[in-house]
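Enquirer: Sharing a structure with you now.
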Amino acid sequence: MPNFRTIDRQTGFLLPPSVDEWLPEKHLARFVVEVIDGLDLRAMSGSYRGSGSASYHPRMLLGILVYGYATGVFSSRKLERATYDSLAFRFIAANDHPDHATIAAFRRRFLKEIEALFVQVLLLAREMGVLKMGTVALDGTKIHANASRHSALSYEQAGKIAAQLKAEVADLMAKAEAADAADIPDGMSIPDELARREERLSKIAEARAKTEARAKERHAREQAEHEAKLAARAAKTAARGKKPGGKAPQPPTKGPLPRDQINLTDEDSRIMPVAGGGFEQCYNAQAAVAAGSMLVVAVDVVQAPNDKQQLEPMLGKIEALPEDLGEPETLLADTGYFSGANVEACEKAGVEPLIAMGRQPHHPPLQERFETAPENPTPVEAMAHRLKTPGGRDRYALRKQNSRAGVRHHKIGARIPSIFDARARKSAQRVEPRDHGLEHKAHIRRRP
Numbered sequence: 001m002p003n004f005r006t007i008d009r010q011t012g013f014l015l016p017p018s019v020d021e022w023l024p025e026k027h028l029a030r031f032v033v034e035v036i037d038g039l040d041l042r043a044m045s046g047s048y049r050g051s052g053s054a055s056y057h058p059r060m061l062l063g064i065l066v067y068g069y070a071t072g073v074f075s076s077r078k079l080e081r082a083t084y085d086s087l088a089f090r091f092i093a094a095n096d097h098p099d100h101a102t103i104a105a106f107r108r109r110f111l112k113e114i115e116a117l118f119v120q121v122l123l124l125a126r127e128m129g130v131l132k133m134g135t136v137a138l139d140g141t142k143i144h145a146n147a148s149r150h151s152a153l154s155y156e157q158a159g160k161i162a163a164q165l166k167a168e169v170a171d172l173m174a175k176a177e178a179a180d181a182a183d184i185p186d187g188m189s190i191p192d193e194l195a196r197r198e199e200r201l202s203k204i205a206e207a208r209a210k211t212e213a214r215a216k217e218r219h220a221r222e223q224a225e226h227e228a229k230l231a232a233r234a235a236k237t238a239a240r241g242k243k244p245g246g247k248a249p250q251p252p253t254k255g256p257l258p259r260d261q262i263n264l265t266d267e268d269s270r271i272m273p274v275a276g277g278g279f280e281q282c283y284n285a286q287a288a289v290a291a292g293s294m295l296v297v298a299v300d301v302v303q304a305p306n307d308k309q310q311l312e313p314m315l316g317k318i319e320a321l322p323e324d325l326g327e328p329e330t331l332l333a334d335t336g337y338f339s340g341a342n343v344e345a346c347e348k349a350g351v352e353p354l355i356a357m358g359r360q361p362h363h364p365p366l367q368e369r370f371e372t373a374p375e376n377p378t379p380v381e382a383m384a385h386r387l388k389t390p391g392g393r394d395r396y397a398l399r400k401q402n403s404r405a406g407v408r409h410h411k412i413g414a415r416i417p418s419i420f421d422a423r424a425r426k427s428a429q430r431v432e433p434r435d436h437g438l439e440h441k442a443h444i445r446r447r448p
């Protein structure tokens with residue numbers, strides 16, 4: 001006769017069970033709670049009133065959000081459901097069940113404070129001996145927006161559609177004035193058709209206005225750059241006594257270009273080239289990763305597809321970190337970040353750049369690997385020599401182990417397929433990033 005263990009769901013416990021017994025000692029949820037318990041949350045807790053019904057503690061709500069981010073659960077409704085279905089979430093919530101509206105309101109209310117905790121977590125990692133800031137690897141990745149590229153509308157196309165809709169509106173108005181039922185197809189409601197076209201015209205007019213505003217900002221930026229180039233050219237002419245070679249810089253074009261686009265679903269996203277070929281509606285996410293620990297020390301989400309423009313802003317974010325975290329000594333980046341200006345920016349910041357200048361050969365000639373450094377080199381020439389040396393090649397190889405792995409961890413480990421949160425849509429040039437860095441820190445493990 002088979003011998004089975006008894007299935008008994010009716011008998012109560014002799015003593016009430018403790019939530020502390022529900023999870024293994026090294027479970028991620030325990031670590032999330034321990035890290036958050038060590039953070040200073042006075043900026044959050046101090047904003048609550050002492051009167052009225054008791055509120056859920058910010059530590060508990062923050063723990064639910066961070067563990068959700070770390071395990072790929074973002075929806076406030078799914079987070080609420082998880083406090084019933086998941087032992088880990090029940091442990092973090094102390095067997096309480098905040099509803100989805102409370103979780104969503106907390107996230108909206110304390111977004112800035114949550115982002116500020118990013119630095120506190122880095123300091124904690126430093127105290128634990130996990131974070132070492134010496135070498136930092138920079139990389140970017142395209143993250144799909146929650147919008148189709150087919151929803152994008154160019155300035156020229158918007159004008160054509162607007163003209164077509166206006167002609168249709170005029171035709172419908174003529175039919176309405178004639179009031180000749182014979183000319184109106186069966187099932188057509190002229191007021192409904194007019195309303196639909198008027199709504200589309202309004203949206204297209206709004207899209208064109210935003211495109212024109214962007215073009216105005218772009219022209220102002222390009223005009224400043226043009227004037228700087230003219231001033232530099234004039235300075236060379238004065239120093240040499242003759243005009244420099246090459247064509248004079250051309251002034252920027254005013255107004256929107258025919259191909260300037262805006263997405264009707266997500267106006268802050270942009271059409272960008274993606275890995276494997278083709279173009280998609282995306283954001284460009286940037287991450288600076290500390291070599292060795294793979295901890296993300298700086299993040300950003302931008303609308304410019306070119307990584308070259310992101311090095312200086314990311315360098316500024318790294319420099320803005322507290323001195324207690326240590327000073328970066330070397331910056332690793334792929335060829336997408338290379339420019340003479342970026343190399344000089346690193347030198348001015350006291351950071352040694354190792355930025356690929358092109359495809360690196362797998363088997364460079366022996367003489368090239370051990371050639372002497374050039375005399376009085378420019379910053380670019382000095383970096384080019386460092387990249388050819390055995391030591392420079394070994395250090396640059398750390399980029400593949402750190403920045404790529406760090407970005408891949410964000411996209412795969414945290415299962416982030418797209419940016420869909422309206423919090424990321426703040427301005428025309430740079431959007432506010434979700435604090436993926438804080439989410440990533442939830443994966444830190446204790447080290448002996």
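Using UniProt numbering, read the sequence shown as starting at 1 and increasing by one per residue.
Cβ coordinates follow ideal geometry from the N, Cα and C atoms, glycine included.
Quantities reported herein were computed from a predicted structural model and do not represent experimental measurements.
Please report how far the alpha carbon of Ala174 lies from the alpha carbon of Ile204, in whole angstroms.
Expert: Position 174 of the sequence shown, counted from the first residue, corresponds to residue 174. Position 204 of the sequence shown, counted from the first residue, corresponds to residue 204. Between Ala174 and Ile204, the C-alpha separation is close to 23 Å.
Enquirer: Taking the straight line between their C-alpha atoms, what separation do you get for Ala220 and His97?
Expert: Sequence index remark: in the sequence shown, residue 220 carries index 220 (1-based). Sequence index remark: in the sequence shown, residue 97 carries index 97 (1-based). About 52 Å.
Enquirer: Quick one: what's Phe279 bridged to in DSSP?
Expert: Walking along the sequence shown from the start, residue 279 turns up at place 279. DSSP, once it has assigned bridges, lists Pro273 as partnering Phe279.
Enquirer: Measure the beta-carbon distance from Lys308 to Ser269 and round it to whole angstroms, keeping in mind my assumption that it falls under 8 Å.
Expert: Here residue 308 is taken as the residue at index 308 of the sequence shown, counted from 1. Here residue 269 is taken as the residue at index 269 of the sequence shown, counted from 1. Actually they are not in contact, since the Cβ atoms of Lys308 and Ser269 sit about 20 Å apart, beyond 8 Å.
Enquirer: Identify, in the order they occur along the chain, each residue of the same chain with its Cβ nearer than 7 Å to the Cβ of Ser418, setting aside the five sequence neighbours on each side.
Expert: Walking along the sequence shown from the start, residue 418 turns up at place 418. Unreliable placement is indicated for Ser418, whose pLDDT of 41 sits below 50; the coordinate value is still reported in the next sentence. Cβ within range, chain order: Ile143, His144, Ala145 and Asn146.
Enquirer: So, Ala285 versus Thr102, is the Cβ gap smaller than 7 Å?
Expert: As a first step, residue 285 is located in the sequence shown; it is residue number 285 there, counting from the start. As a first step, residue 102 is located in the sequence shown; it is residue number 102 there, counting from the start. For Ala285 and Thr102, no; Cβs fall outside 7 Å.
Enquirer: My output table needs one value for Asn342: the three-state DSSP class, helix, strand or coil.
Expert: On the sequence shown, residue 342 is found 342 positions in, with the first residue counted as 1. Helix, per DSSP.
Enquirer: Cutting at 8 Å between CB atoms, please list the residues of its own chain near Arg200, excluding the five before and the five after it.
Expert: For the purposes of this step, residue 200 is taken as the residue at position 200 of the sequence shown. The answer, listed in chain order, is Ile161 and Leu165.
Enquirer: Provide the residue span of the alpha helix (DSSP H) that contains Leu295, from first to last.
Expert: Along the sequence shown, one-based indexing puts residue 295 at 295. No alpha helix (DSSP H) holds Leu295; the beta strand (DSSP E) holding it covers Leu295 to Val302.
Enquirer: Only counting runs of 3 or more residues, tell me where the beta strand (DSSP E) segments fall wholly within the stretch 205–285, in order along the chain.
Expert: 261–263 and 270–273
Enquirer: Beta-carbon within less than 7 Å of Ala207's beta-carbon, same chain only, minus the 5 sequence neighbours each way: which residues are those?
Expert: Residue numbering aside, residue 207 sits at position 207 when the sequence shown is read from its first letter. Taken in chain order, the residues that qualify are Leu153, Ala158, Ile262 and Leu264.
Enquirer: Below 8 Å on the Cβ atoms is my contact criterion, and I expect Met60 with Ala93 to pass it. Report the Cβ-Cβ distance as a whole number of Å.
Expert: As a working mapping, residue 60 is identified with position 60 in the sequence shown. As a working mapping, residue 93 is identified with position 93 in the sequence shown. About 6 Å separates the two Cβ atoms, so the contact holds.
Enquirer: Val119 to Asp20, Cα distance in whole Å?
Expert: What you label residue 119 is simply residue 119 of the sequence shown in a count that begins at 1. What you label residue 20 is simply residue 20 of the sequence shown in a count that begins at 1. So the two alpha carbons sit approximately 29 Å from each other.
Enquirer: What is the DSSP secondary structure of Pro24, reduced to helix, strand or coil?
Expert: Looking up residue 24 in the sequence shown gives position 24. Of the three classes helix, strand and coil, the one that applies to Pro24 here is coil, per DSSP.
Enquirer: Does Ala290 come out as helix, strand or coil in the three-state DSSP assignment?
Expert: To locate residue 290, count along the sequence shown from 1; it is residue 290. Correct three-state label for Ala290: strand.
Enquirer: Determine, using beta carbons only, whether Glu168 comes closer than 7 Å to chain B.
Expert: Of the protein chains in the structure, only one exists, and it is not chain B.
Enquirer: For a quick check, are the C-beta atoms of Leu321 and Arg126 less than 7 Å apart?
Expert: Within the sequence shown, residue 321 is the residue found at index 321, counting from 1. Within the sequence shown, residue 126 is the residue found at index 126, counting from 1. No; because the gap between Cβ atoms is not below 7 Å, this pair is not in contact.
Enquirer: Using beta-carbon positions only, say whether Leu39 and Leu117 come within less than 7 Å of one another.
Expert: Locating residue 39 in the sequence shown gives position 39, where the first residue counts as 1. Locating residue 117 in the sequence shown gives position 117, where the first residue counts as 1. A contact, by the Cβ cut-off of 7 Å.
Enquirer: Can you list, in chain order, the residues of its chain whose CB lies under 6 Å from that of Pro328, leaving out five sequence neighbours each side?
Expert: As a working note, residue 328 is residue 328 in the sequence shown. Closer than 6 Å at Cβ, skipping near neighbours: Met133, Val136, Ile318 and Val351.
Enquirer: What do you reckon, is the C-beta of Glu371 under 6 Å from a heavy atom of the ligand ATP?
Expert: The ligand ATP is not part of the structure shown, which contains no ligands of any sort.
Enquirer: Can residue 461 and Leu398 be called in contact, C-beta distance under 7 Å?
Expert: The shown model of the chain, from 1 to 448, leaves out residue 461, and the question about it has no answer.
Enquirer: Reducing DSSP to helix, strand and coil, say where Arg425 ends up.
Expert: By 1-based counting over the sequence shown, the position of residue 425 is 425. Unreliable positioning characterises Arg425 in this predicted model, as indicated by a pLDDT of 37, which lies under 50. A coordinate reading is not provided.
Enquirer: The alpha helix (DSSP H) that contains Thr102, what's its start and end?
Expert: The residue you call residue 102 lines up with position 102 of the sequence shown. His100 to Arg109 is the extent of the alpha helix (DSSP H) around Thr102.
Enquirer: Out of Pro24, Asn95 and Tyr69, which has the shortest C-alpha to C-alpha gap to Tyr56?
Expert: Counted from its first residue, the sequence shown places residue 56 at position 56. Of the listed residues, the one whose Cα sits closest to Tyr56 is Asn95.
Enquirer: Any idea if Pro256 is buried or exposed, counting beta-carbon neighbours within 10 angstroms, 16 or more meaning buried?
Expert: Mapped onto the sequence shown, residue 256 falls at position 256. With 16 or more other Cβ atoms within 10 Å, it is buried.
Enquirer: From the DSSP output, in three-state form, read off Pro17 for me.
Expert: Position 17 of the sequence shown, counted from the start, is the residue given in the question as residue 17. If DSSP states are grouped into helix, strand and coil, Pro17 belongs with coil.
Enquirer: Here's a check: name, in chain order, each residue in its chain whose Cβ is nearer than 7 Å to the Cβ of Leu194, leaving out the five neighbours to either side.
Expert: In the sequence shown, counting from the first residue as 1, residue 194 sits at position 194. So the list reads Val169 and Leu172, once near-sequence residues are dropped.
Enquirer: What is the rounded straight-line gap between the Cα of Val33 and the Cα of Arg77?
Expert: The sequence position of residue 33 within the sequence shown is 33, counting from 1. The sequence position of residue 77 within the sequence shown is 77, counting from 1. Answer to the nearest angstrom: the Cα atoms are 21 Å apart.
Enquirer: Just to confirm before moving on: does the CB-CB distance between Arg149 and Glu267 stay below 7 Å?
Expert: Numbered from 1 along the sequence shown, position 149 holds the residue referred to as residue 149. Numbered from 1 along the sequence shown, position 267 holds the residue referred to as residue 267. Cβ atoms of Arg149 and Glu267: not closer than 7 Å.
Enquirer: Helix, strand or coil: how does DSSP classify residue 461 here?
Expert: No answer is possible for residue 461: the residues shown for the chain start at 1 and end at 448.
Enquirer: For Glu80, count the other beta carbons within 10 Å of its own beta carbon; 16 or more makes it buried, fewer makes it exposed. Which is it?
Expert: Position 80 of the sequence shown, counted from the first residue, corresponds to residue 80. Flag for Glu80 reads buried.
Enquirer: Should Phe91 be labelled buried (16 or more other beta-carbon atoms within 10 Å of its own) or exposed?
Expert: Residue numbering aside, residue 91 sits at position 91 when the sequence shown is read from its first letter. With a threshold of 16 other beta carbon atoms within 10 Å, Phe91 meets it and is buried.
Enquirer: For my contact list, Val296 and Ala287 are in at a C-beta cut-off of 8 Å; report their separation, rounded to the angstrom.
Expert: Locating residue 296 in the sequence shown gives position 296, counting from the first residue. Locating residue 287 in the sequence shown gives position 287, counting from the first residue. Rounded, the Cβ-Cβ distance is 5 Å, consistent with contact.
Enquirer: Please state whether DSSP places Thr135 in a helix, a strand or coil.
Expert: Taking the sequence shown and counting its residues from 1, one reaches residue 135 at position 135. Strand.
Enquirer: Hey, quick one: how far does the alpha helix (DSSP H) through Ile355 stretch, first residue to last?
Expert: Numbered from its first residue, the sequence shown carries residue 355 at position 355. Careful: Ile355 lies outside any alpha helix (DSSP H), inside the beta strand (DSSP E) at Glu352 to Ile355.
Enquirer: Which residues share a DSSP beta bridge with Lys112?
Expert: Position 112 of the sequence shown, counted from the first residue, corresponds to residue 112. Bridge partners of Lys112: none, in fact.
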